[in-house]
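Residue numbers (the numbering used here): 348 to 461.
Now the structure itself:
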């Protein structure tokens, strides 16, 4: 009888241990599924971030190209301003020379009339 009780106690203990292991296995499986879902979500997020990064790189390249063009335009405008200033100076000089020549011509004509 004692042997039967011992066997029954062992059997009960084994069943409890099996139940514990099954619960642990179920918990581990749930964790694994959760981690797999998280990995899939992170992969999708990474894909979106990679697209965003590619867009930002493209935008940066476009901005750098536009900046280079703008710098070239700024230099061109500066050159044009310098040319305009030189042209104004030349025009003033020419106007002064023309005025001087007209004054000299008038004086010469007056001298000839006398």
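Positions of the beta carbon are idealized from the N, C-alpha and C atoms, including for glycine.
query: Which class does residue 461 belong to by DSSP, given the choice of helix, strand or coil?; result: coil
query: Who are the near neighbours of residue 458 in its chain, counting only those whose CB is closer than 7 angstroms to its CB and skipping five residues on each side?; result: none
query: Taking the C-alpha atoms as reference points, what is the distance between residue 382 and residue 372?; result: 15 angstroms
query: Please give the ranges of any beta strand (DSSP E) in the region 416-440, keeping only runs that are unbroken, at least 3 residues long and fully inside the region.; result: none
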